[in-house]
């Protein structure tokens, strides 16, 4: 199986660039809406973002012309023409964050074909988080050979769309009616045993 060729990958993905960015914008918006006050651990944030990205990508591409979705187990892969893609968070500019598993190692080895698309070139679409972890700073298409990065380019499409933080709207408090109590001169008179003062 040949190594992924950057020029060919760019040509295959070009019609989908805007939609790929749209997937990431939607995923981070959904993540922030679910997140609320935030998670205690960064790892939980990573899993929640990844889940939001896969859900958004499946909703955007499943059953659409020119794209085949392979959803299995804990992830999904997307075939755009002859380019097989998986989405990953970037640890460095363009390089995906990966845990060494058999499936991961097979995907990163260009010599091992993907069973459902044996002639496809395998690449990662990686998002680099912004400083707050609330969105992405850049998106890269990256070809790997194991731990080595063969090449990487930034996905065209400009900066991330503006994501508004979800805000809790304070429910209006019922107005309390205050009644002023006046001294009852008759009660005071009885209490003091005579004339009101």
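In the UniProt record's numbering, the protein residues as written are 1 to 197. The beta carbon of each residue, even a glycine, is placed where N, CA and C say it ideally should be.
Taking the Cα positions, residue 33 is about 14 Å away from residue 55. In the three-state reduction of the DSSP assignment, residue 23 falls in the helix class, which pools H, G and I. Contact between residue 84 and residue 122 holds: their C-beta atoms lie close to 5 Å from each other, under 8 Å. With a contact defined as Cβ atoms closer than 8 Å, residue 77 and residue 86 qualify at about 5 Å. Its Cα nearest to that of residue 22, the residue 58 stands out among 58, 98 and 110. Contact between the stretch 42-56 and the stretch 105-119 is absent, with fewer than three C-beta pairs closer than 8 Å. Restricting attention to 132, 4 and 144, the CA atom closest to the CA of residue 98 is found in 144. Counting the other CB atoms within 10 Å of its CB gives residue 142 a total of 16 or more, which places it among the buried residues. According to DSSP, residue pairing for residue 125 in a beta bridge involves 87 and 141. In this structure residue 130 touches residue 137 by the C-beta definition: roughly 5 Å separates them, less than 8 Å. Secondary structure at residue 77: strand, using DSSP grouped into helix, strand and coil. Separation of the CB atoms of residue 52 and residue 82 is rounded to 28 Å, and the pair is thereby denied contact status at 8 Å.
A residue is called buried once 16 or more other Cβ atoms fall within 10 Å of its Cβ, and residue 125 is buried on that count.
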